[in-house]
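One structure below.
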Amino acid sequence: MTLFNLPRLALISLSLLSCTSAFYMPGVKPQTFKEGDEVELKVNALTSIHTQIPKPYYRLPFCEPEGGPQMASENLGEFITGNKVQTSPYSINMLNEVTCQKVCQKTLTPIQAKLLKLHIIRGYHNNWIIDNLPSATVGTTANGQRQKHYAGGFPIGFVDKSSGKSDEDKKKMKRKERRKSILAQDAYVFNHVNIILDYHKPAGETNGYRVVGFYVEPMSIKHTFLGGYEWDGESSEGMKKALSSCNSNEHASVKSIQENQIVKPGEKIIYTYDVIWKESAQEWSSRWDVYLNEDGLVPPQVHWYSISNSIFIVIFLSLLIISVLVKNLKKDIANYNALAQLADDEEDDDDVDESGWKLVHADVFRPPSTFPMLYCVMVGSGVQLTVSTFTTIALAAVGFVNPSRRGSMMNATLVWFMLCGILAGYVSSRLYKSFRGRAWQLCTVCTAVLFPGTCFSVFLFFNTVLAFYHSSGSAPFLEILILAVMWCCVSIPLVFVGAFFGYKKEAITFPTVTSTIARAIPEPPISMNPKLAILAAGLIPFSGAYVELFFIMSSLWMNQYYYVFGFTFIVFIILLLSCAEVSVLLVYYQLVNENHRWWWFSVLSSGSVAFYFFGYSIVWFGSLESSKMFFTYLLYFGYMFLMCFGIFLVCGSVGSLVSLWFVRKIFGAIKVD
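Residues -22 to -1, 1 to 651 in mature numbering (1 follows the signal peptide of the UniProt record, and there is no 0) are what the sequence shown lists, from first letter to last.
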């Protein structure tokens, strides 16, 4: 791509971005309720940014629906991502307001009290759902103002830090003493919730309403009955008795709370709720907007800065290629061909001045001396990942994949990755045949299992450990079996189909003949040392993508919503362009220094951006308020390793294939006997 096409690319990309930001494709069609219709409240897994280990909602002493909770998760992606949606005991009807409605009473055993307290201390949050809309949190700030937060659900309780040691004293303690001090703090459970629902009456509906907002205001109230009545938590009589701790004629408020509900063995916790309905002008089609604007904390200008920075880097690299590489190549090729023609006329080859990259014409297409099969496998797998990632992000950018359909992003990623297996088999087989490899069956098998096998093995390991921790993040056996069947019966056969067509085609032709004996490589100057060049190469593409990487990391590990895929789509394209340009530029200078071993160099130089991504993840982990659990470290860095390994394959394959095209072009332009 020339420099003159870049403004056009930017204009088209920004136009696409503006269209996608205004376009919204709902995950489900609108559900219209009549007055009095049941509005079902579902509960999802409990989550915490401190442990990164989701827990089942009903593992803690919360109220259960009659007959026990039923699973409401619908697709494979939900189970893999830890979304275990279940039914709840909360009864809500359209436009019916409820005050101080009792749900149940739980008498805490010592084990239940310890478990609930530990989860409160570790910052676990409820994640409730009504009409496919996640619960936002309504809280009160220190100055008495009510504030809404749209990501991460609402906490299950709070800790009175004044009841324990001070932070300075904790720093002086040993680890075990610090843990005991933290557990000694008083914890309080949010046993009352104000469920606030916004509704909109669409035009043309006479008795139909739609839910357009869902907020939860959690409170901790030590409930007591009027007249000192003691409830056993089972008899129906207790459900009819009035509470002295809340007024059945008005909704509960923070100011009306007399005593908070502490968590300790023997405590009788009564769970209650209010339902508040408010009419809203918000339309159903735009009800997700408040969730997707990152709580208003990040202005759009930050994303625009990221895009502008990335485009500037691509323009800079394009200028560098045009001014240095293109001019030098045209001059070199013209001079070399003129001298070659003169030598042919005079039948004397000694006058041809071969220098620089032209000297290695007999070695430049020599197959990699180390692990040629692995090279083919990695490039093929990288192409599979590149196309599947590109397609998934494009679908998300235009709204076909969106957060209103939980698990849809994971489903789309899995489906496209498996379908693109045919590309992996085709590319790896074409390259391997060009290298005159004979073990084509082994090459195809390795292509089919390298990246997906690594991912599946890591997933199985973490799934086993999560099951040990009783986490809802562990996928059921049936879902694991479905994944294995999809891999073995869809992905692997498609890789073999692609390899079949790849081996049927003629091998890639090279413009020069490879000599029998490899040419010795002279010592390069310090500035063009291959190791230093590889290390520095990844910095340029990384600098154009690190801003958007911050938001993606926040979405993955801090339960933030991320849906600016228009920006991601553009940044992804620019990342690939910058990796390709950096790889071509460095390969050219390696050839100028008479180093013909460019195959692995092109992969490593463009793929080295993954090392910067992993380094950034290490720095970013320091800002994450995680616990000191060993498994939290293992989970975080394990999945970040997989992510960076995928980035390495994507960028490495793009850089390698573009470099192959470049090398064939320049050596095809010179006359060599």
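Glycine residues also receive a C-beta, built at the ideal position from the N, C-alpha and C atoms.
(request) Have a look at K482, M388, P430 and A374 and flag the residue whose alpha-carbon is nearest the alpha-carbon of Y410. (result) To locate residue 410, count along the sequence shown from 1; it is residue 432. Answer by Cα proximity: K482.
(request) Output the residue ranges of the alpha helix (DSSP H) runs that lie fully inside the segment 88 to 138 and measure 4 residues or longer, sorted by chain position. (result) 88 to 99
(message) Tell me which residues share the same chain as V232 and place their Cβ nearer than 7 Å to its Cβ, disregarding the 5 neighbours each side in the sequence.
(response) As a working note, residue 232 is residue 254 in the sequence shown. Here the set comprises T118 and M197.
(message) My assumption, with CB atoms under 8 Å, is that R414 sits in contact with H574. Please give the rounded CB distance.
(response) As a position in the sequence shown, residue 414 is number 436, starting the count at 1. As a position in the sequence shown, residue 574 is number 596, starting the count at 1. Not a contact, Cβ separation roughly 17 Å.
(message) Could you tell me which whole alpha helix (DSSP H) segments of length 4 or greater appear in the segment 333 to 416?
(response) 350 to 375, 386 to 397 and 399 to 412
(message) Rounded to the nearest angstrom, what separates A588 and F446 at their Cα positions?
(response) Here residue 588 corresponds to residue number 610 of the sequence shown, with the count starting at 1. Here residue 446 corresponds to residue number 468 of the sequence shown, with the count starting at 1. Those two C-alpha atoms are separated by around 32 Å.
(message) What would DSSP say about Y251, mapped onto helix, strand or coil?
(response) In the sequence shown, counting from the first residue as 1, residue 251 sits at position 273. In the structure shown, Y251 sits in a strand (DSSP, three-state: E or B).
(request) Quick one: grab the DSSP three-state call for K242. (result) Taking the sequence shown and counting its residues from 1, one reaches residue 242 at position 264. Here K242 sits in coil by DSSP.
(request) Look up L38 in the DSSP assignment and say whether it is helix, strand or coil. (result) As a working mapping, residue 38 is identified with position 60 in the sequence shown. DSSP places L38 in coil when its eight states are reduced to three.
(request) Quick one: grab the DSSP three-state call for A165. (result) Taking the sequence shown and counting its residues from 1, one reaches residue 165 at position 187. Strand at A165.
(request) Kindly list the residues whose CB is nearer than 6 Å to the CB of A91, restricted to its own chain and excluding five residues on each side of it in sequence; keep chain order. (result) Within the sequence shown, numbered from 1, the residue matching residue 91 stands at position 113. Cβ within range, chain order: V241, K242 and P243.
(message) Can you check which of these residues, G522, P519 and Y540, is closest to F529 by C-alpha distance?
(response) Taking the sequence shown and counting its residues from 1, one reaches residue 529 at position 551. Minimum Cα distance to F529 is reached at Y540.
(request) Over the uninterrupted alpha helix (DSSP H) stretch that includes Y611, give me the two end residues. (result) As a working note, residue 611 is residue 633 in the sequence shown. It spans F608 to G646 - the alpha helix (DSSP H) in which Y611 sits, taken as one unbroken run.
(message) For I625, count the other beta carbons within 10 Å of its own beta carbon; 16 or more makes it buried, fewer makes it exposed. Which is it?
(response) For the purposes of this step, residue 625 is taken as residue 647 along the sequence shown, with counting starting at 1. Buried.
(message) Please identify the residue among S214, A220 and Y193 whose C-alpha is closest to the C-alpha of G206.
(response) As a working mapping, residue 206 is identified with position 228 in the sequence shown. Nearest option by C-alpha distance: A220.
(request) Using beta-carbon positions only, say whether A390 and V376 come within less than 7 Å of one another. (result) Stepping through the sequence shown from its first residue, residue 390 is reached at position 412. Stepping through the sequence shown from its first residue, residue 376 is reached at position 398. It is not a contact, given that the beta carbons lie outside the stated cut-off.
(request) Classify I596 as buried or exposed, calling it buried when 16 or more other Cβ atoms lie within 10 Å of its own Cβ. (result) Taking the sequence shown and counting its residues from 1, the one referred to as residue 596 is at position 618. Exposed, because fewer than 16 other Cβ atoms sit within 10 Å of the Cβ of I596.
(request) Measure the CB-CB distance between Q79 and G211 and report whether it falls below 7 Å. (result) Taking the first residue of the sequence shown as position 1, residue 79 is located at position 101. Taking the first residue of the sequence shown as position 1, residue 211 is located at position 233. Going by C-beta atoms, Q79 is not nearer than 7 Å to G211.
(request) Mind listing, in chain order, the continuous alpha helix (DSSP H) runs of no fewer than 4 residues lying wholly within the segment 448 to 503? (result) 455 to 464 and 470 to 482
(message) Going by C-alpha to C-alpha distance, which of S561, G585, G522 and I470 sits closest to Y283?
(response) Here residue 283 refers to the residue found at position 305 when the sequence shown is read from its first residue. Of S561, G585, G522 and I470, the residue nearest in Cα terms is G522.
(message) I want to know whether the segment 467 to 483 touches the segment 416 to 430 - three or more CB-CB distances under 8 Å.
(response) With contact defined as three or more Cβ pairs closer than 8 Å, the segment 467 to 483 and the segment 416 to 430 are in contact.
(message) Are the CB atoms of T610 and F30 within a distance shorter than 7 Å?
(response) Taking the first residue of the sequence shown as position 1, residue 30 is located at position 52. Taking the first residue of the sequence shown as position 1, residue 610 is located at position 632. For the record, residue 30 in the displayed sequence is Gln; it is not Phe. Going by C-beta atoms, Q30 is nearer than 7 Å to T610.
(message) For T367 and R100, I'd like the C-alpha separation in whole angstroms.
(response) For the purposes of this step, residue 367 is taken as the residue at position 389 of the sequence shown. For the purposes of this step, residue 100 is taken as the residue at position 122 of the sequence shown. Their backbone Cα atoms lie some 35 Å apart in a straight line.
(request) Would you tell me roughly how many angstroms separate the C-alpha atoms of T87 and S226, rounded to the nearest one? (result) Looking up residue 87 in the sequence shown gives position 109. Looking up residue 226 in the sequence shown gives position 248. Between T87 and S226, the C-alpha separation is close to 30 Å.
(message) Can you list, in chain order, the residues of its chain with a C-beta nearer than 7 Å to that of V468? Leave out the 5 residues immediately preceding and following it.
(response) The residue given as residue 468 occupies position 490 in the sequence shown. Same-chain partners within the cutoff: M396.
(message) For R416, count the other beta carbons within 10 Å of its own beta carbon; 16 or more makes it buried, fewer makes it exposed. Which is it?
(response) Looking up residue 416 in the sequence shown gives position 438. R416 comes out exposed.
(request) Would you list the residues sitting across from S24 in a DSSP beta bridge? (result) Here residue 24 refers to the residue found at position 46 when the sequence shown is read from its first residue. Reading the sequence as shown, one finds Leu at residue 24 and not Ser. In the DSSP output, where bridge partners are listed per residue, L24 has K33.
(request) Let me know if Q9 comes out buried or exposed under the rule of 16 or more other beta-carbons within 10 Å of its beta-carbon. (result) Position 31 of the sequence shown, counted from the first residue, corresponds to residue 9. Exposed: under 16 other Cβ atoms inside 10 Å.
(request) Keeping to the same chain, check which residues put their C-beta closer than 6 Å to that of E56; ignore five residues upstream and five downstream. (result) Translated into positions along the sequence shown, residue 56 becomes position 78. Cβ within range, chain order: R384 and G385.
(request) State the Cα-Cα distance for the pair I486 and C398, rounded to the nearest angstrom. (result) The residue given as residue 486 occupies position 508 in the sequence shown. The residue given as residue 398 occupies position 420 in the sequence shown. Answer to the nearest angstrom: the Cα atoms are 21 Å apart.
(message) According to DSSP, G191 sits in a beta bridge with which residue or residues?
(response) As a first step, residue 191 must be located in the sequence shown, where it is residue number 213. Beta-bridge pairing links G191 to D176.
(request) State the beta-bridge partners of C82 as determined by DSSP. (result) One-based indexing of the sequence shown puts residue 82 at position 104. The partner list for C82 (beta bridge, DSSP) reads Y249.
(request) Please go through the same chain and pick out, in chain order, the residues whose beta-carbon is closer than 7 Å to the beta-carbon of F547, but skip the five residues on each side of it. (result) Within the sequence shown, numbered from 1, the residue matching residue 547 stands at position 569. Beyond the five residues adjoining it in sequence on each side, F547 comes within less than 7 Å, by CB distance, of I371, A372 and A375 in the same chain, given in chain order.
(request) Ignore the nearest five residues each way along the sequence and tell me which others in E261's own chain have a CB closer than 8 Å to its CB. (result) Sequence index remark: in the sequence shown, residue 261 carries index 283 (1-based). Taken in chain order, the residues that qualify are H178, P180 and V190.
(message) With H, G and I counted as helix, E and B as strand and the rest as coil, what does DSSP make of K62?
(response) Taking the first residue of the sequence shown as 1, we reach residue 62 at position 84. Three-state result, K62: coil.
(request) For N71, name the three-state secondary structure that DSSP assigns. (result) As a working mapping, residue 71 is identified with position 93 in the sequence shown. Strand, per DSSP.
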